[in-house]
Amino acid sequence: MDDNSDGSAADGGLDANSITSISNLHVKSLGDLARLSGHLPISWPDLPRMPFFGPLLGFNDQWYRAAIALSVLETRWRGNRSLTPEEVQVVAGQTAKAVATMAYEVPVLFGTTWLYERRGRATFRFPFFQPGASFNPGVFPSARWPALQGTAARSMWHLARVCLYTSLSHFALRTLFISYAMAVKNVEFERDPRLGSLRAAIRDHMADRLASREQQLHPTRGSPGLPLPPPGHSTQPLAHPRETDSSAFISTSNTPTPAPVQPYDDLSDETDNFAADTHDEASPVAPIARHRGWKRDVRPDDGANSGSAWDRVRNQASSGEPRPVPVAHSWGASRRATPQPAAASQKPTDDDRFSEFSVEKPTERQIEQKEFDAMLERERQGQGDERRRP
1 MDDNSDGSAA DGGLDANSIT SISNLHVKSL GDLARLSGHL PISWPDLPRM
51 PFFGPLLGFN DQWYRAAIAL SVLETRWRGN RSLTPEEVQV VAGQTAKAVA
101 TMAYEVPVLF GTTWLYERRG RATFRFPFFQ PGASFNPGVF PSARWPALQG
151 TAARSMWHLA RVCLYTSLSH FALRTLFISY AMAVKNVEFE RDPRLGSLRA
201 AIRDHMADRL ASREQQLHPT RGSPGLPLPP PGHSTQPLAH PRETDSSAFI
251 STSNTPTPAP VQPYDDLSDE TDNFAADTHD EASPVAPIAR HRGWKRDVRP
301 DDGANSGSAW DRVRNQASSG EPRPVPVAHS WGASRRATPQ PAAASQKPTD
351 DDRFSEFSVE KPTERQIEQK EFDAMLERER QGQGDERRRP
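For the sequence shown, full-length UniProt numbering assigns the number 1 to the initial residue and increments by one for each residue that follows.
Rendered as structure tokens:
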């Protein structure tokens, strides 16, 4: 293989320094890369040569030179620096060896095809298919459309078998030889002592590229020149974008903040039971609503509501201060207590009829409630009279 790269390079007018990225390497045509190899400091006679049967599968001289030029320029890009003449020669030699290894697929391919074709010639066996007893090799492609007959038909069937076996064998062998050649090339590149500084440069460049890409993907993580905010720092929440300076001043002033007033909803069990006994079956209002209204009217004093209802009555009588007894709010009583402005044009509703019925006929629950209230009142007055006696 003669070194005729000077003339070809001059024709192309290409320079190795003009390729600065991997994308530029891939867009160049095969002929341009072959001419570009003349600008590289490579001693071509010292490289492994391509076998003579390589061009049968496309491994010609142009492909050989283009593959070597591409490998050298790609290695230069990975290291982000120019290669020394020794490094260029080592990388070119490893690539030439890998290309020559790939070319040895040709004899293996022909041998595999011939072997499988001979083994199935008598039965016209195809890859992964064996014709049945109804198969007639004397006609091609079928008995319904006999384009060829006799010996010509048999030859055409064998030719079809050879093409199928060659295609499948080439697919399998190409993958095998390329994988083996690239694996050997990578191992030699990692173990060659002459490429130690180049490997270090490649690792540093790849680390810088990864850091730059990480910074582009996550720009908010900060940079070496910009300090990160302290852990306790928190920005203004997005839920209050209209907060003014005055509100900020008020929130940061030293004015004591009054404690929030908690609503008093905790009543004793006796109070709950007493309110539960005031259930008015005739009322259309839900019992829970009447229960809440009764709680709002009752306000227990500090320590006065401890114990049962009789204890509270005795405590009140002993203190001498009269205390109104909470009266259950029934729906009928509230209707009677509240004046209802009657309009001449307003028709009576179902609620009014129900109210009249409930007033005329009080329920047993209301009667029992009134009796219980009267008994409590008598008990309170009797204890008060005893205290006033000398």
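Cβ coordinates follow ideal geometry from the N, Cα and C atoms, glycine included.
Nearest to Glu188 by alpha carbon, out of Arg76, Ala66, Ala96?
Ala96
Output the distance between the C-alpha atoms of residue 393 and Ala66, rounded to the nearest integer angstrom.
Residue 393 lies beyond the residue range present for the chain, which begins at 1 and ends at 390; the question has no answer from this structure.
If we cut at 7 angstroms on Cβ distances, does Leu168 have a partner in chain B?
In the structure shown, chain B cannot be found, because there is only a single protein chain.
Euclidean distance between Cα positions of Arg81 and Leu198:
9 angstroms
Answer with buried or exposed for Ile367, where buried requires no fewer than 16 other C-beta atoms within 10 angstroms of its C-beta.
exposed
Proximity to Pro41 [Cα-Cα], best of Val72, Trp157, Leu57
Val72
Please classify Leu217: is it buried, with 16 or more other beta-carbons within 10 angstroms of its beta-carbon, or exposed?
exposed
Whole angstroms are fine: how far does the CA of Ala211 sit from the CA of Phe177?
36 angstroms
From the DSSP secondary-structure annotation, give me the bridge partner or partners of Phe129.
Phe126
Expected contact under 8 angstroms - CB spacing of Phe91 and Phe59 to nearest Å
In the sequence as displayed, the identity of residue 91 is Val instead of Phe. Incorrect: roughly 19 angstroms between the Cβ atoms, too far for contact.
Check whether the region 46 to 56 and the region 105 to 119 are in contact - that is, three or more C-beta pairs closer than 8 angstroms.
Flag = yes, the region 46 to 56 and the region 105 to 119 touch.
Endpoints, alpha helix (DSSP H) assigned at Phe177
151 to 191
Identify the continuous alpha helix (DSSP H) that holds Phe110 and give its terminal residues.
105 to 119
Rounded to whole angstroms, what is the Cα-Cα separation between Ser29 and Ile68?
14 angstroms
Collapsed DSSP secondary structure at Tyr264 in the structure displayed
Unreliable positioning characterises Tyr264 in this predicted model, as indicated by a pLDDT of 43, which lies under 50. A coordinate reading is not provided.
What does a CB cutoff of less than 7 angstroms around Asp192 pick up in its chain, not counting 5 residues either side in sequence?
Closer than 7 angstroms at Cβ, skipping near neighbours: Val90.
Is DSSP giving Ala143 helix, strand or coil here?
coil
For Ser169, count the other beta carbons within 10 Å of its own beta carbon; 16 or more makes it buried, fewer makes it exposed. Which is it?
So Ser169 ends up on the buried side.
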